[in-house]
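Comments concern the structure below.
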Amino acid sequence: MVGIVIVSHSSQAADGIKDIALQMADVLDLKLSACGGNKEGGIGTDPDKILEAVEGVYSSEGVVIIADLGSAVMSVEMLVEGMSAEKARNIRVADAPILEGAVMAAIEASAGADLESVLAAAEAVRDMRKIERD
Amino acid sequence: MNCNKEQVINIIKNIASTMEKNKEYLTELDSAIGDADHGINMNRGFKAVVEKLPEVEDKCIGTILKTIGMTLVSTVGGASGPLYGTAFMYAGREVTGEKELDLTDIKNLFRAALEGLVKRGKAKPGDKTIVDTLTPVVDYFKSSLDEKTDNEILEEIVSIAKESMEATKPLLAKKGRASFLKERSKGHLDPGAVSCYLMIKEFAAVLKGVA
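Shown next as structure tokens:
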């Protein structure tokens, strides 16, 4: 199963999004990890925590990482560049809103979809309308 | 112009103390258009760098700079971590094995730092970022400096950095949280442009022998 990592500036936000995604995917053994906050537990990002989260769900089937803003995205990109070529090939960073992207990725991964399909599911929500206005 | 390892270490230590001295100022600048943590983050990062220095002091300048970069990435906690971290890592790669830098090394080091910064943050000059301070300095290093004395070069890079840092004030931010403010980001200095100026100032001060 494709792993999913949620990276937020806040550990509470990351954990909350993980809870929502797990509930929506409705599969208990989903490989989903969440991390957030800086080293001191404040708002920010900590590459060590992100690396640990990625390692926790990594398999050759791949991992999709969904991050919130700025430094979270930059930290993720840096980590992927620093990984072995083999691992980096199996990791995708989604260009998607973190909550909606995580939910869609979780549903797709729980159905046994492959890496590119999980990534596409996460990114498909970029233009999702919540309220239809003319 | 030469810069030996001891001077590199002194520059870093002086940057760390200038970040501590300017912690409130940088955070205040960041509270106007960012998330009010730039001074706190930079101080945290460079404090960790100074603690790490004894482990690498006997290594080459390349290793020292790369270690600084990696330490900043893992301790700063904001966007400036990956940004300055990548800049230092790229700069270090340029001078692997060196125990003393000449002007060509220094030029290459600054150019590589800017490349790292741009690769990570994807900012262009005029986006109201660190890139605005560093780009004109790198351009200056590309010009012919044969007629200049070391002191002239060092004074000129500081004044170029200062001017370009100050020029970020009227700009509309295109990156980071400041960009979410759109027009409201105008009229404030970019905190990253300021911290970059502070670093260049410390670099020049040590090489001029006044710090």
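Chains as they are written, first to last, in numbering that gives the first Met the number 0: chain A, 0 to 133; chain B, 0 to 210. Quick reminder that beta carbons are idealized off the backbone N, C-alpha and C, glycines included.
Taking a Cβ-Cβ threshold of 7 Å, the residues of chain A close to alanine 78(B) are Gly69, Ser70, Met73, in chain order.
Here valine 4(A) carries a strand assignment [DSSP, helix/strand/coil]. Here the alpha carbon of glycine 80(B) sits roughly 14 Å from the alpha carbon of proline 190(B). Counting along the chain, the unbroken beta strand (DSSP E) around leucine 31(A) starts and ends at 31-35. For valine 209(B), the number of other beta carbons within 10 angstroms of its own is below 16, and it is reported as exposed. With respect to chain B, the C-beta atom of glycine 43(A) has a partner C-beta closer than 7 Å. Residue burial annotation: isoleucine 130(A) is exposed, with fewer than 16 other C-beta atoms found within 10 angstroms of its C-beta. Contact note: valine 72(B) reaches chain A through Pro46, Met77, using a C-beta cutoff of 7 Å and chain order. A distance below 7 Å between beta-carbons, with the five flanking residues on each side excluded, links aspartate 104(B) to the following residues of its chain, in chain order: Val94, Glu97.
Residue-level contact by beta carbon fails for proline 135(B) and chain A, as no gap is shorter than 7 Å.
Here isoleucine 90(A) is near valine 62(A), since their CB atoms are less than 7 Å apart. Looking at the DSSP output, glutamate 99(B) shares a beta bridge with Asn3(B).
Counting the other Cβ atoms within 10 Å of the Cβ of aspartate 67(A) gives 16 or more, which makes it buried. In summary, the residues of the region 25-42 of chain A whose CB is separated from some CB of chain B by less than 9 Å are Gly36, Asn37, Lys38, Glu39, Gly41, Ile42, in the order they occur in the chain. DSSP places isoleucine 159(B) in the helix class (H, G or I) of the three-state scheme.
Straight-line spacing of the CA atoms in isoleucine 129(B) and valine 79(A) works out to 24 Å. Arg119, Gly120: these are the residues of the region 117-141 of chain B whose beta carbon lies less than 8 Å from some beta carbon of chain A, given in chain order.
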